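The structure appears right after this line, and notes come after that.
Residue numbers (this note's numbering): 254 to 512.
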């Protein structure tokens, strides 16, 4: 069966009900024999955690400025609360999930992206060994978006970029971005069912895809050029969304290299 990487946006993990719906769907993937990896975000949860402690969240070009104080919170929230809540939800769905981050077994390596951003990382490499060992033995890796360098420094990595790194390392057939939007839209607001790399580049150049969607398309282009066969972008709140996507139903946007 195919290899699937599912990236869950943090906005989809706000409530136990939403987590349970998504974990039940991913449990279905495993029952159907798909080797599966999950990467999750948690930006909204991070901002709430910092606000409650009187720490301001600052962003530059959409990336969270990560001071040592913020990095401590990133570890506690992303690799701690959010990751473990998700693993617990999978346990409730009968799935043997294992919470990890990019630091574990050298899964994802990074270097500092920009001194102005602090401990924000740019992915430089990935090692598939951990994902392969876990999935070959029936476990579901649930990956938090931390990475490290060879000196032992930790970095906060954008969740979409972490998903690309893991998908390419895992040689995923499908990279599924589940978000809170219905797909990629054209200038008139209509969801585009299919896109190629050239289409994505055109949408970005024309300013149609901007902000978060531009980042998604750049991530999709990177994944496709690194060997992932298909990238799918869809609304994670759609009932039974994962099964429908992989069954080829017209839902969201599917992106391929070309043709």
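Positions of the beta carbon are idealized from the N, C-alpha and C atoms, including for glycine.
On a predicted model such as this, the values are computed, not experimentally measured, just so you know.
Just to check my reading of the structure: residue 350 and residue 410 have Cβ atoms closer than 8 Å, yes? What is that Cβ distance to the nearest angstrom?
For this step, residue 350 is matched to residue 97 along the chain shown. For this step, residue 410 is matched to residue 157 along the chain shown. The pair is not a contact, with the Cβ atoms about 21 Å apart (cut-off 8 Å).
According to DSSP, which residues form a beta bridge with residue 438?
Within the chain shown, numbered from 1, the residue matching residue 438 stands at position 185. The partner list for residue 438 (beta bridge, DSSP) reads 444.
Identify the residues that DSSP records as bridge partners of residue 378: which are they?
Here the question's residue 378 lines up with position 125 in the chain shown. The partner list for residue 378 (beta bridge, DSSP) reads 362.
In or out: residue 337 buried (at least 16 other Cβ within 10 Å) or exposed?
Within the chain shown, the letter at position 84 stands for residue 337. It counts as exposed.
In chain order, which alpha helix (DSSP H) runs of at least 4 residues are fully inside the region 287–316?
Those alpha helix (DSSP H) runs which fall completely within the region 287–316 and span 4+ residues are 296–305.
Rank 293, 403, 462 and 433 by C-alpha distance to the C-alpha of residue 445 and give the top, closest one.
Here residue 445 is taken as the residue at index 192 of the chain shown, counted from 1. Out of 293, 403, 462 and 433, 462 has the C-alpha closest to the C-alpha of residue 445.
Going by other Cβ atoms of all chains shown within 10 Å of its Cβ, with 16 needed for buried, is residue 302 buried or exposed?
Residue 302 sits at position 49 when you count from the first residue of the chain shown. Buried, by the Cβ-count rule.
Can you give me the Cβ contacts of residue 441 inside the same chain, cut-off strictly under 6 Å, excluding the 5 residues immediately before and after it?
In the chain shown, residue 441 corresponds to position 188, counting from 1. Result list for residue 441: empty, nothing under 6 Å.
Look at residue 412 and residue 297 and say whether their C-beta atoms are less than 9 Å apart.
The residue given as residue 412 occupies position 159 in the chain shown. The residue given as residue 297 occupies position 44 in the chain shown. No, Cβ-Cβ distance for residue 412 and residue 297 is not below 9 Å.
Using a Cβ-Cβ cut-off of 7 Å (strictly less than) and excluding sequence neighbours within five positions of residue 344, which residues of its own chain qualify?
Counting from one through the chain shown, the residue named residue 344 turns up at place 91. The answer, listed in chain order, is 350.
Leaving aside the five residues before and after residue 378 along the sequence, list all residues of the same chain whose C-beta is less than 6 Å from its C-beta, in chain order.
Against the chain shown, residue 378 aligns to sequence position 125. Excluding positions up to five away in sequence, the list reads 362.
Kindly indicate which three-state DSSP category residue 271 falls into: helix, strand or coil?
Taking the first residue of the chain shown as position 1, residue 271 is located at position 18. Here residue 271 sits in helix by DSSP.
Can you tell me the Cα-Cα spacing of residue 531 and residue 290, whole angstroms?
Given that the chain is displayed from residue 254 to residue 512, the structure contains no residue 531 and the question cannot be resolved.
When the distance is taken between beta carbons, is residue 360 closer than 9 Å to residue 422?
The residue you call residue 422 lines up with position 169 of the chain shown. The residue you call residue 360 lines up with position 107 of the chain shown. The answer is yes: Cβ separation under 9 Å.
Looking only at DSSP bridge pairs, what is residue 254 linked to?
Position 1 of the chain shown holds residue 254. DSSP output for residue 254 lists no bridge partner at all.
Roughly how far, in whole angstroms, is the beta-carbon of residue 340 from the beta-carbon of residue 293, given that I think they are within contact range, below 8 Å?
For the purposes of this step, residue 340 is taken as residue 87 along the chain shown, with counting starting at 1. For the purposes of this step, residue 293 is taken as residue 40 along the chain shown, with counting starting at 1. In fact, because the Cβ distance is near 10 Å, the residues do not count as touching under 8 Å.
Does residue 397 come out as helix, strand or coil in the three-state DSSP assignment?
In the chain shown, counting from the first residue as 1, residue 397 sits at position 144. Residue 397: strand per DSSP, three-state reduction.
Among the residues of its own chain, which have a CB less than 8 Å from the CB of residue 506, if the five just before and after it don't count?
Translated into the one-based positions of the chain shown, residue 506 becomes position 253. 436, 437, 444, 445, 446, 447, 448, 485, 486 and 487.
Look at residue 400 and residue 355 and say whether their C-beta atoms are less than 9 Å apart.
Position 147 of the chain shown, counting from 1, holds the residue named residue 400. Position 102 of the chain shown, counting from 1, holds the residue named residue 355. Contact: yes.
Contact defined as beta carbons within less than 8 Å: I believe residue 257 pairs with residue 299. What is the distance between those atoms, to the nearest angstrom?
Here the question's residue 257 lines up with position 4 in the chain shown. Here the question's residue 299 lines up with position 46 in the chain shown. 26 Å between Cβ atoms; not a contact.
Would you mind stating whether residue 319 and residue 371 have Cβ atoms separated by less than 9 Å?
In the chain shown, counting from the first residue as 1, residue 319 sits at position 66. In the chain shown, counting from the first residue as 1, residue 371 sits at position 118. In contact: residue 319 and residue 371 (Cβ atoms closer than 9 Å).
Do you know whose CA, among 365, 475, 498 and 323, lies nearest residue 305's CA?
Within the chain shown, the letter at position 52 stands for residue 305. With distances taken between Cα atoms, residue 305 lies closest to 323.
For residue 271, which option in 493, 502, 498 and 500 has the closest C-alpha, if you only look at C-alpha atoms?
Your numbering for residue 271 matches position 18 in the chain shown. Here the closest residue by C-alpha is 493.
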